[in-house]
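Mapping of the first sequence onto our numbering: residues 203 to 687, in sequence order. Glycine residues also receive a C-beta, built at the ideal position from the N, C-alpha and C atoms. Note that the coordinates shown come from a computational prediction; the quantities given were computed from them, not determined experimentally. Following: one structure in structure tokens, then a few remarks.
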Amino acid sequence: MNYENVMKLALERGFYFPSCEVYGDAQAGFWEYGPSGVGLKNKFLELWRRELVRRDGMLEIDGSQIMSKSVFEASGHLGSFADPIIKCTNCKSTFRADRTIAEMAKIDIPESADLEDFDKAIKENDIKCPKCKGTFENTKKFNMMFKVGIGPEEEIAYLRPETCQSIFVDFPRLFKIMRGKLPLGIAQVGKSFRNEIAPRQSLLRLREFYQAEIEVFCNPARLQEIERFEEIQDTVIRVQTESEPVSMTCKEAVERKIIPNKFVAYYLGILTEFYEKTGIDITKSRFRKLGEKEKAFYAEVAFDFEVETTIGWLELVACNYRSDYDLSSHAKKSKEKFEVMDNDEKVLPHVFEISMGIDRSLYTILEHSLKDDKENERTVLSLKPYLSPIHVGVLSLVKKDGLKEKTDEIYVKLKRKFDAFLDHSGAIGRRYRRLDEIGSPFAVTVDHQTLEDETVTIRMRDSMEQKRVKVSELDSILGEYTSFP
RNA sequence: GCGGAGUUAGUUUAGUCUGGUAUGACGUCAGCUUCCCAAGCUGAAGGCCGCGGGUUCAAAUCCCGCACUCCGCACCA
Numbered sequence: 203m204n205y206e207n208v209m210k211l212a213l214e215r216g217f218y219f220p221s222c223e224v225y226g227d228a229q230a231g232f233w234e235y236g237p238s239g240v241g242l243k244n245k246f247l248e249l250w251r252r253e254l255v256r257r258d259g260m261l262e263i264d265g266s267q268i269m270s271k272s273v274f275e276a277s278g279h280l281g282s283f284a285d286p287i288i289k290c291t292n293c294k295s296t297f298r299a300d301r302t303i304a305e306m307a308k309i310d311i312p313e314s315a316d317l318e319d320f321d322k323a324i325k326e327n328d329i330k331c332p333k334c335k336g337t338f339e340n341t342k343k344f345n346m347m348f349k350v351g352i353g354p355e356e357e358i359a360y361l362r363p364e365t366c367q368s369i370f371v372d373f374p375r376l377f378k379i380m381r382g383k384l385p386l387g388i389a390q391v392g393k394s395f396r397n398e399i400a401p402r403q404s405l406l407r408l409r410e411f412y413q414a415e416i417e418v419f420c421n422p423a424r425l426q427e428i429e430r431f432e433e434i435q436d437t438v439i440r441v442q443t444e445s446e447p448v449s450m451t452c453k454e455a456v457e458r459k460i461i462p463n464k465f466v467a468y469y470l471g472i473l474t475e476f477y478e479k480t481g482i483d484i485t486k487s488r489f490r491k492l493g494e495k496e497k498a499f500y501a502e503v504a505f506d507f508e509v510e511t512t513i514g515w516l517e518l519v520a521c522n523y524r525s526d527y528d529l530s531s532h533a534k535k536s537k538e539k540f541e542v543m544d545n546d547e548k549v550l551p552h553v554f555e556i557s558m559g560i561d562r563s564l565y566t567i568l569e570h571s572l573k574d575d576k577e578n579e580r581t582v583l584s585l586k587p588y589l590s591p592i593h594v595g596v597l598s599l600v601k602k603d604g605l606k607e608k609t610d611e612i613y614v615k616l617k618r619k620f621d622a623f624l625d626h627s628g629a630i631g632r633r634y635r636r637l638d639e640i641g642s643p644f645a646v647t648v649d650h651q652t653l654e655d656e657t658v659t660i661r662m663r664d665s666m667e668q669k670r671v672k673v674s675e676l677d678s679i680l681g682e683y684t685s686f687p
């Protein structure tokens, strides 16, 4: 199914919808998750914790969304997260100052240069708008970070543009008090904020968005020594270094030097295993190795995990080897010590980052799971049972003859353990289809036989088959089918 | 940010040229009926027609501005 179908489902069934929609001054790039969306998101994150955080013995923290100016001076975001832009006085088009000058006059000015340098170059080389030959306004800096004023004096701080900075600045304390040993993963889920010029496509480019980030601190001298590599050496990943993605095992990827070391390969491996369990079609995925110009300013080696959807390849995760970029800049700026002992060696750890976009991942799960079942005239959201916002619908075949009361009784028993949904209203087929659309994998139906022998039917979403089971067994059956893998 | 197209109920849609406050479908709710896959009947709720301004006796409709959505360009640590 395509973007339009997913959007319709999202709006009709409460997965997500525009923020502040009743007001005309609502800004673009802000969306809310409704009940179904929150259900899916919570379960997705639980899976992430199981498959990455707990599997690897990582620490999870929850940091501030507003962070001080110093953090971003050290991180480089105040300098490099801003683009020098020029605007044409005639046609109002905007361009990157450094790129336009490089293109038109063959002069390289670093993007972090003073704004006067750009203006000077434009004047001296008589650079005009490439579109309409108009003249340019003075160069401005466009920083993607949201500024906030703190306290009555409105001291400047920023909404974080990525969650990971708290992991870096908290590292010295965490390593000490949590008795850390390299390699050590520290994880965080939370919101980040970027003032995108053109937010678009609902969850795919937001100004306020969720990230699940992992920073693995490691000794750069020991990147070939990761013990747990054996666990994933035979896991098949798809890697694209040139034109087409190629499937290979993690072991092969390291041997052929497509991935630089076992350490990076291990994390790409467990990441692939995680995404496989979300129900995303992994044959439509790739780790795309980024070229020099595409990489973020802090990255030494970078792989984007991308998945193909009906609107093209979507970047779900950025995997960056950030070297000691972050720790050394924070050490220098804060004058704190960031070195730690690894066996008998004092090292400033390097960082490998797995920066996941949660919103885009959820969209992709929805798109890959949404099926148009023409044969049975229904729309089915074939979510993995453990990700479904509703685990089980509890339905009465008819309301009369005491079936309603019996159904209520069963619902009360189930609802504290499972995400259960009670429904008495309308024809039974209609109720099944409603459940199909929000991805509920099971429906329990109470009929006349229930009153006689304490059995109910349990209907499977995907096959539409039904089995008769004892009410007393529901707990264990549902528990088994809806538990995380 | 530039260019283009659009915005009418939860969703989808007619009406806009040719001005007279809105149509159908699906969905929702209640009742009856049937009782295992969107059946039927009856009834109901739900719209300041994206927002603001202008023209007019009168604006969903004409004009202007803005916002948002989608497409293309640019941008995307």
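Close Cβ partners of residue i (< 7 Å) along its chain, the five nearest in sequence each way excluded
i: residue 311; result: 300, 303, 319, 320 and 323
i: residue 250; result: 414 and 476
i: residue 527; result: 500
i: residue 437; result: 451, 452, 471, 474 and 475
i: residue 396; result: 346, 363 and 409
i: residue 580; result: 635 and 638
i: residue 255; result: 262 and 389
i: residue 486; result: 509 and 510
Cutoff 8 Å; reference residue i; Cβ partners in own chain excluding five residues on either side
i: residue 664; result: 582, 584 and 643
i: residue 517; result: 506, 507, 508, 559 and 562
i: residue 480; result: 246, 249, 563, 567, 586 and 589
i: residue 653; result: 603, 604, 605 and 608
i: residue 307; result: 323, 327 and 329
i: residue 209; result: 404
i: residue 626; result: 597, 598, 601, 606 and 609
i: residue 622; result: 592, 593, 594, 595, 596, 613 and 616
i: residue 679; result: 660 and 671
Extent of the continuous alpha helix (DSSP H) to which residue i belongs
i: residue 486; result: It is not in any alpha helix (DSSP H) - residue 486 carries neither H nor E in the DSSP assignment.
i: residue 452; result: 452-457
i: residue 368; result: 366-379
i: residue 684; result: 676-684
i: residue 299; result: 299-307
i: residue 557; result: Note, residue 557: premise wrong, no alpha helix (DSSP H); beta strand (DSSP E) at 552-559.
i: residue 224; result: It is not in any alpha helix (DSSP H) - residue 224 carries neither H nor E in the DSSP assignment.
i: residue 631; result: 630-639
i: residue 609; result: 605-616
i: residue 538; result: Unbroken run through residue 538: none, as it is neither H nor E.
Residue i beta carbon near the ligand GDP (any heavy atom closer than 7 Å)
i: residue 259; result: With respect to the ligand GDP, the structure shown offers nothing to examine, as it has no ligands at all.
Residue i vs residue j beta-carbon contact at 8 Å
i: residue 290; j: residue 351; result: no
i: residue 385; j: residue 419; result: yes
i: residue 287; j: residue 403; result: no
i: residue 657; j: residue 599; result: no
i: residue 448; j: residue 456; result: no
i: residue 541; j: residue 523; result: no
i: residue 388; j: residue 417; result: yes
i: residue 361; j: residue 263; result: no
i: residue 220; j: residue 212; result: no
i: residue 460; j: residue 443; result: yes
i: residue 484; j: residue 519; result: no
i: residue 633; j: residue 681; result: no
i: residue 370; j: residue 439; result: no
i: residue 258; j: residue 344; result: no
i: residue 359; j: residue 270; result: yes
One or two residues paired with residue i in a DSSP bridge
i: residue 290; result: 338
i: residue 350; result: 359
i: residue 625; result: 597
i: residue 469; result: Answer is none; residue 469 lacks a bridge partner.
i: residue 510; result: 515
i: residue 219; result: 234
i: residue 543; result: 548
i: residue 670; result: 659
i: residue 505; result: 491 and 521
i: residue 645; result: 595 and 661
i: residue 583; result: 572
Range covered by the beta strand (DSSP E) that runs through residue i
i: residue 521; result: 514-525
i: residue 598; result: 594-598
i: residue 660; result: 657-662
i: residue 270; result: 268-270
i: residue 579; result: Where residue 579 is concerned, there is no enclosing beta strand (DSSP E), given that its DSSP letter is neither H nor E.
Beta-carbon proximity list for residue i, same chain, < 6 Å, skipping 5 on both sides
i: residue 377; result: 542
i: residue 392; result: 365
i: residue 641; result: 583, 585 and 590
Report task. Can you check the stretch 382-454 for any alpha helix (DSSP H) of at least 4 residues that lies completely inside it and give the ranges in chain order? Result -> 431-434
Query raised in the report: Where are the alpha helix (DSSP H) runs, 4 residues long or more, that stay fully inside the stretch 237-283, in chain order?
Result: 237-250, 271-277 and 279-282
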